[in-house]
Each structure stands twice: as C-alpha cells, then as structure tokens.
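Novice:
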Amino acid sequence: MKRFFRVLLLGLEMVAVMLLSAAITLRIALHGHEVKVPDFAGMSVAEASHAALRTGVGLHIENRFYSTTEPVGRVLSQTPAAGTTVRHGWQVRVTVSLGPQQVTIPDVVGQPVQEASMNLRKTRLELGTLAHLGAPGDPDMTLAQTPQPNAGVDQPVVNLLLSSTARTSEGFVMPSFVGMKDAAASKWAAGLGLKVVTIAAAGARPQPALSKQPAPGQAHPGVASSGGVVTAQWPESGFKASPGEIVRLAVETPAAALSNSASAATE
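This is the structure:
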C-alpha cells in the first residue's frame, strides 16, 4: 500500500512539473518576442531603419509632410508611440519631413488630366484624389483643384475635379471660392449642383438653409448679391461634396470693407 502511494505521489509530482513547464513555455511563446518601440523622432530614415532592425520591429513610411522644424528626411511622428510594447516584427508607421515648402502649386484648371498630372509631377507634387462631375465638353478636363494655385500646403498632394460626359451622383472635391466675387462664386457653385447660401462676413452666422435651389449666377433667395468678395466658406475646400449639398459663403461687401479700413485708420 505504501508503495502504491509513493508511485501515486511521484506521478502527481511529474504532472505538476509538466504543467509548470507547459505554462512557462506558453508564457515565453506569448511574451518572449515582445519588444518596446524605439523613439524615431528626429532620426533620418537610415538611422530609424537601423534602430528598427536592432529592436526587431519593421519600419513603414506612411506619409511625407512639409515641415519648418525638421530637415528633409527626418522622422516627424510615429505610430505606435515610442515605448509601446509590441510583438517582434510589428510594423511601425512613420511620417517623414520634406523640409520647408519649396514648390509653387501650378494652375492646372482647364487642362486634360494627363497634362495636369505631368505638370504636377514636374514640380514634385503628387496626384491625389480624382473625382468626376458631369459637365459639357470633353471628358477628363480639370474643372477645379485643391489646393488652389500658389497656395501653401502641408502635403505635396493636389486633388482634381474632372469633367465627365455622364452625369454622376458621386461626390467631388469641394473647390475654394475664397477671394472670388460673390456672384461668380454663386454661379460656379450652382453649376456644380450645390445650393448656395450667402451671409455677411462681419460677425454673422450661417443662416438656415432654404429648400429652393438658387438660379445660376444668383445668390440664395432672400440674400441679395452685393458685389462683395467671399472671405470664407463652409464646407471648406478640399472636403468631399455632392450635388445638392449646401455651401455657405461669407461675403464681405465693399461698404463693410471700406468701414473696416476706416476703423483701422482711426485706431
């Protein structure tokens, strides 16, 4: 009987050792290949690549942005953040600096998409979103662009709104009406199928939308065309828009501009 209990005890001890060994093995398998993400900020791409290789993570350049604080080729930001615990081989996405902006956005409106694309690449810019809108004339002609010509940009990407022979319900890139006369901006917006609401620029808020679509070249019903200049818009340029959507244009009238100038002069 004693021998039986000894054998049983020995067997239980062996099972306990096996379970403990399995637990240790499982823990090593789950956590043994975890590493901490290094801080790549300010490193060159080559330095970041070497640091990633030493740590055991991957490096993926996700974006490139202009920067006045970091020289060209230096890492601006990363995801996941430095110090985060990840599995061995995890891909860390980084944004790299293009340095200060040194390019001028060309005006490609009215150009075929192939010509517009070549002109953008000549200035080291990339072709971004291509949206289409049913319009008369030849297809794939550039109707609008974002950013506007000569504008300052954060990223070297230009989005184009192209003409299409077929009317489409797809969205398009909202153009910029800022700086245009209110009548011209209203006509352009109405031609894109947008509903236009004009408001006074000085201290006014967007008015409730009316259901009636204004005629091309006219302001929204109840708001007279003032011959003023558009100073702001909602939605802003670069956002996705659809035919039938409302665009609100803040217009500074010549009288308001003159009054502001007089006030500034007296101060």
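Those letters in the sequence shown? Residues 1 to 267, by the working numbering. Cβ coordinates follow ideal geometry from the N, Cα and C atoms, glycine included.
(1) Use the C-beta contact count for I61: other C-beta atoms within 10 angstroms, 16 or more gives buried, fewer gives exposed.
(2) For E115, does the count of other Cβ atoms within 10 angstroms reach 16, so buried, or fall short, so exposed?
(3) Under a Cβ-count criterion, where at least 16 other Cβ atoms within 10 Å of its own Cβ denotes burial, should E13 be classed as buried or exposed?
(4) Could I get the ranges of all uninterrupted beta strand (DSSP E) runs contained in the stretch 40 to 72, with 3 residues as the minimum, in chain order?
(5) For T129 and R87, I'd like the C-alpha separation in whole angstroms.
(6) Three or more C-beta pairs closer than 8 Å, one from the stretch 47 to 64 and one from the stretch 101 to 113: is that the case here?
(7) Could you name the residues of the same chain whose beta carbon sits closer than 8 Å to that of A241, not counting the 5 residues immediately before and after it, in chain order?
(8) Tell me the residue span of the beta strand (DSSP E) that contains G134.
(9) My output table needs one value for P206: the three-state DSSP class, helix, strand or coil.
(10) Report the rounded CA-to-CA distance for D39 versus H132, giving the unit in angstroms.
(11) Have a look at L53 and T198 and give me their C-alpha separation to the nearest angstrom.
(12) Would you check if the distance between the CB atom of D138 and the CB atom of L162 is smaller than 8 Å?
Specialist: With the given structure in hand:
(1) The count along the sequence shown starts at 1 and reaches residue 61 at position 61. Exposed.
(2) Sequence index remark: in the sequence shown, residue 115 carries index 115 (1-based). Classification for E115: exposed.
(3) Numbered from 1 along the sequence shown, position 13 holds the residue referred to as residue 13. Looking at its Cβ environment, which holds fewer than 16 other Cβ atoms inside 10 Å, E13 is exposed.
(4) 58 to 65
(5) Mapped onto the sequence shown, residue 129 falls at position 129. Mapped onto the sequence shown, residue 87 falls at position 87. Those two C-alpha atoms are separated by around 34 Å.
(6) no
(7) Position 241 of the sequence shown, counted from the start, is the residue given in the question as residue 241. Closer than 8 Å at Cβ, skipping near neighbours: G171, F172, V173, M174, L192, L194, P235, V247.
(8) For the purposes of this step, residue 134 is taken as the residue at position 134 of the sequence shown. G134 -> beta strand (DSSP E) spans 126 to 134.
(9) Position 206 of the sequence shown, counted from the start, is the residue given in the question as residue 206. Low confidence applies to P206: its pLDDT is 40, below 50, so where it sits in the model is not reliable, and the reading given next is rough at best. In this structure, P206 counts as coil in the three-state DSSP scheme.
(10) Here residue 39 is taken as the residue at index 39 of the sequence shown, counted from 1. Here residue 132 is taken as the residue at index 132 of the sequence shown, counted from 1. The straight-line gap from Cα to Cα measures roughly 42 Å.
(11) Here residue 53 refers to the residue found at position 53 of the sequence shown. Here residue 198 refers to the residue found at position 198 of the sequence shown. Cα to Cα, L53 sits roughly 57 Å from T198.
(12) Stepping through the sequence shown from its first residue, residue 138 is reached at position 138. Stepping through the sequence shown from its first residue, residue 162 is reached at position 162. No.
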